[in-house]
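Take the position in the sequence shown, starting the count at 1, then add 67; the result is the number in the working numbering.
Built from N, CA and C at the ideal position, the CB exists for glycine as well.
Notes follow once the structure below has been shown.
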Amino acid sequence: MRSAPPPPRPYVRRREAPPSRDYLKDKKVKKKTAKKAAWLIVLAFVVFGVFLAKFALSDSNVSFDGLPDSDTAYGIARQFIQPTIRATNVRFSDDRYKFAKQSDSIYVIKSSYNTKYDDGENLTTNFTITLKYRGGMGTKIGNWNMVSLDQDN
68 MRSAPPPPRP YVRRREAPPS RDYLKDKKVK KKTAKKAAWL IVLAFVVFGV FLAKFALSDS
128 NVSFDGLPDS DTAYGIARQF IQPTIRATNV RFSDDRYKFA KQSDSIYVIK SSYNTKYDDG
188 ENLTTNFTIT LKYRGGMGTK IGNWNMVSLD QDN
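Dropping the structure here:
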């Protein structure tokens, strides 16, 4: 069985806030609030300007010299390869390396190093290393990633 629909609700008029009885008092309060907001905005601009001036006028020696050159990349490559060599007497072929850039920050270096063991044996190892420059000072090894290293005898 169906139940009967609920009876219609009587129309209730919403109550609105009563109009202000003191127009000048309301205007004074609004003006005071607007002045506070304006002063806060001015203060924010002043603080921003101070920080901007501090950085613009600072005498920092950090400068961008562009991407590292081949000699810098080769020096970093030697630092990556050195820990992988077990011999202690190692001589890199500094004047016979080949250098190529695959993109803006990818460097490929081909070269070799000679190892001399205690028993008098000399061994030449050719290597190809791919490095990725991440930015910053090019002479710091922390600003580089080794992508690949191929060593063969």
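Looking at the unbroken beta strand (DSSP E) that takes in L216, where does it start and where does it end?
Note, L216: beta strand (DSSP E), W211 to D219.
Which term fits A105, buried or exposed, when burial requires 16 or more other beta carbons within 10 angstroms of its beta carbon?
With fewer than 16 Cβ atoms within 10 Å of its Cβ, A105 is classed as exposed.
Is R158 helix, strand or coil by DSSP?
Three-state result, R158: strand.
Specify the secondary structure class of K207 as computed by DSSP and reduced to three states.
In the structure shown, K207 sits in coil (DSSP, three-state: anything other than H, G, I, E or B).
Hey, out of S172, P77 and T191, whose CA is closest to N156's CA?
Checking every option, the nearest Cα to that of N156 belongs to T191.
What's the gap between the Cα of K183 and the Cα of D219?
So the two alpha carbons sit approximately 16 Å from each other.
Taking 6 Å as the limit between beta carbons, can you name the residues of its chain near F115, skipping five residues before and five after?
The answer is none, since no qualifying residue turns up.
DSSP three-state call for S125: helix, strand or coil?
Note: S125 maps to coil in three-state DSSP.
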